[in-house]
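*Asks:*
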Amino acid sequence: MGLFTDLKDSIARVTDKLFSAQEPKRIGIYGPPNAGKTTLANRIARDWTGDAVGPESHIPHETRRARRKENVEIERNGNTVSIDIVDTPGVTTKVDYEEFLDHDMEKEDAVRRSREATEGVAEAMHWLREDVEGVIYVLDSTTDPFTQVNTMLIGIIESQDLPVLILANKTDLEDSSVQRIRNAFPQHETIPLSALEGDNMDEVYDKIAEYFG
Amino acid sequence: MPHQCTTCGRTFEDGSKEMLSGCPDCGGNKFQFQPSGGANAGGSAKNGAGGGATSAATAPKKTPENARTAESARTAGTDTVGNSASAPETGSDDRNSASNDRNSAVNRAAATVRDWVGKRDNTPRDDATDDPASGSTRKDTPAQRKDASARTDPSAPSATGPSDPSAEDSAQASARRDVVTESELPDEPPQNVADAADSEAAAPQNGEVVSAPDDESPGLKELREELNSQFESIRIVEPGQYELNLMELYEREEYIISLQEDGKYVIEVPDAWDASNR
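Sequences listed follow chains A and B, in order.
So for the first sequence, the working numbering puts the first residue at 1; every next one is plus one.
So for the second sequence, the working numbering puts the first residue at 1001; every next one is plus one.
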């Protein structure tokens, strides 16, 4: 009888965990290469767990495998929102090793990086279909947001009915233009921030709690 | 007079285009072919008119000299088929002259074949069908065998490739064979005369053998299409340079998890658990 009770308790615990409001949602951080996705993921992870997600770099395609930080609990207004952050490789339609040669990289390393980046894009696209329940779409506000990749990804996200938060990153840079991003995607809310400097992160967390809580 | 209409007997030069849409005189579409070396036209015409015309018309005819050469040259089943395809005999005169040339070894082998076939099947033509598997038996059967090879050659050429170059050039031979392989095989059995019936019955079996390569080509086509569709998602411009089709990558259930340097790649195929979740 004791065994039966134990079993029942453990099943109840599992069901509670499965169906509780606290179940973390998997939030994918998407965007083109070098938009600051990993910097943002690290910022969020450090702010709430103390750990980083992965190395950041000014060289594109530093993140070539999706990295996940689970159970990031964000407290907003007395409530706790628990999310799994999935930092994804930058999505692009073209990967060229010559791009990396400008960053003092040997050709062999550049070619390997290029191959891994391509695998990373395939993986990111796969997880977008299979695994994420919400998207934080990070854009470099110093660059033109009207690109094929951005249009296509936002379109896919909308077709999936996933909640999406558009972040206009790198507001610490001079030629940043948040308005340009707002104009590009007027149907979505755009939040300015500097993930590097930590500017406007409070609003970002408010919106994360609102969108994904 | 390489080509002859089997209905009205009109002849056409080798390579003539007149006959491509049927005999201009009688509208017949059965022709027989005789290399310019000269064969017994009477015998072949007889045979052609006799209802074995379908194969006889399309099969190149063989002179007695050629027959001898071919028979002595035969060493393997495929060779046999190829030779018989390019140079079958249909005339009884040809048969006689050819059989006169046979040596005792050939006769012994012929007897062996007849015994063997007799055990398996009373139909003498069947041995012709089975012969491609063993060249030695093939050449030994007398007239029947040549008949059989004349009947079966429509299917044989596609398996064995080029025909005897002395009889006709390869382009003509292949053109003729292609037509025969597809159109003649299914139609043959109903129109046999008694003499041709056995060899006609053998033809479908030979057809099976030689149709194997034909079966492969659609498979290859499918494979190529499959590969093309896969490469649509990631195109390797050159090592280190890739173009990605994001929609294709997004829509695929399986995803590429590893690109190899040699152009191969590893994909993860969705398993049953994933499928049931969707």
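In this text, a Cβ means the ideal position worked out from N, Cα and C, and glycines have one as well.
Taking DSSP as the reference, what is the three-state secondary structure of A:N169?
*Replies:* Here A:N169 sits in strand by DSSP.
*Asks:* Please tell me whether A:E106 has its Cβ less than 8 Å away from any Cβ of chain D.
*Replies:* Looking for chain D here will not work: the only protein chains present are A and B.
*Asks:* What separation, rounded to the nearest whole angstrom, lies between the Cα atoms of A:V132 and A:G54?
*Replies:* 19 Å
*Asks:* Residues of the segment 87-100 of chain A with a CB closer than 8 Å to any CB of chain B: list them in chain order, please.
*Replies:* V91, T92, T93, K94, V95, D96, Y97 and E98
*Asks:* Along the segment 107-136 of chain A, what residues have a CB closer than 7 Å to any CB found in chain B?
*Replies:* Hits within the stretch, in order: A110, V111, S114, R115, T118, E119, V121, A122, E123, M125, H126, L128 and R129.
*Asks:* Taking Cβ to Cβ, would you say A:K69 is nearer than 8 Å to A:T49?
*Replies:* yes
*Asks:* Just tell me which of A:L196, A:T118, A:A41 and A:A184 has its CA closest to the CA of B:V1237.
*Replies:* A:T118
*Asks:* In whole angstroms, what is the alpha-carbon distance linking B:S1163 and B:Q1034?
*Replies:* Summary for B:S1163: the model assigns pLDDT 44, below 50, so the residue's position carries little reliability; its value from the coordinates is reported in the next sentence. The straight-line gap separating the alpha-carbon atoms of B:S1163 and B:Q1034 is approximately 14 Å.
*Asks:* Just checking: is the beta-carbon of A:V138 within a distance shorter than 8 Å of some beta-carbon in chain B?
*Replies:* no
*Asks:* Taking the CB atoms as reference points, tell me whether A:D175 and A:E197 lie closer together than 8 Å.
*Replies:* no
*Asks:* Below 9 Å between beta carbons is the criterion; list the residues of the segment 143-163 of chain A that meet it against any residue of chain B, in chain order.
*Replies:* Q148, V149, M152, L153 and I156
*Asks:* Would you identify the three-state DSSP class for B:P1165, choosing helix, strand or coil?
*Replies:* In this predicted model, B:P1165 has a pLDDT of only 46, less than 50, meaning its place in the structure is not dependable; the value taken from the coordinates is given anyway. Of the three classes helix, strand and coil, the one that applies to B:P1165 here is coil, per DSSP.
*Asks:* Got a sec? Which residues, its chain only, sit under 6 Å from B:L1244 by beta carbon, not counting five neighbours each side?
*Replies:* Within the same chain, and ignoring the five residues on either side of B:L1244 in sequence, the residues whose Cβ sits closer than 6 Å to its Cβ are I1234.
*Asks:* Please classify A:I59: does DSSP put it in a helix, a strand, or coil?
*Replies:* Judged by DSSP in its simplified three-state form, A:I59 adopts coil rather than helix or strand.
*Asks:* What first and last residue would you give for the alpha helix (DSSP H) that runs through A:R113?
*Replies:* A:R113 -> alpha helix (DSSP H) spans K107 to E130.
*Asks:* What does the Cβ neighbour count give for A:P145, buried or exposed, with the cut at 16 atoms within 10 Å?
*Replies:* buried
*Asks:* I need the straight-line Cα distance from B:S1021 to B:F1031, nearest angstrom please.
*Replies:* 12 Å
*Asks:* Give me the Cα-Cα distance between B:D1023 and B:Q1004, rounded to the nearest whole angstrom.
*Replies:* Checking the sequence shown, residue 1023 of chain B turns out to be Cys, not Asp. Rounded to the nearest angstrom, the two C-alpha atoms are 9 Å apart.
*Asks:* Taking Cβ to Cβ, would you say A:A168 is nearer than 8 Å to A:I154?
*Replies:* Between A:A168 and A:I154, the CB-CB gap reaches or exceeds 8 Å.
*Asks:* Does the contact criterion of 3 or more C-beta pairs under 8 Å hold for the segment 101-115 of chain A versus the segment 123-132 of chain A?
*Replies:* The segment 101-115 of chain A is not in contact with the segment 123-132 of chain A.
*Asks:* Return the CA-CA distance between A:T80 and A:E210, expressed in angstroms with no decimal places.
*Replies:* 11 Å
*Asks:* Can you find the residues in the same chain that come closer than 7 Å, C-beta to C-beta, to A:I59, ignoring five residues on each side of it along the sequence?
*Replies:* F100 and H103
*Asks:* From the DSSP secondary-structure annotation, give me the bridge partner or partners of A:Y137.
*Replies:* Paired residue(s): A:Y30 and A:I166.
*Asks:* Tell me whether A:N79 sits in a helix, a strand or coil according to DSSP, three-state version.
*Replies:* Strand.
*Asks:* With DSSP as the reference, label A:D102 as helix, strand or coil.
*Replies:* coil
*Asks:* Using three-state DSSP, classify A:D202 as helix, strand or coil.
*Replies:* helix
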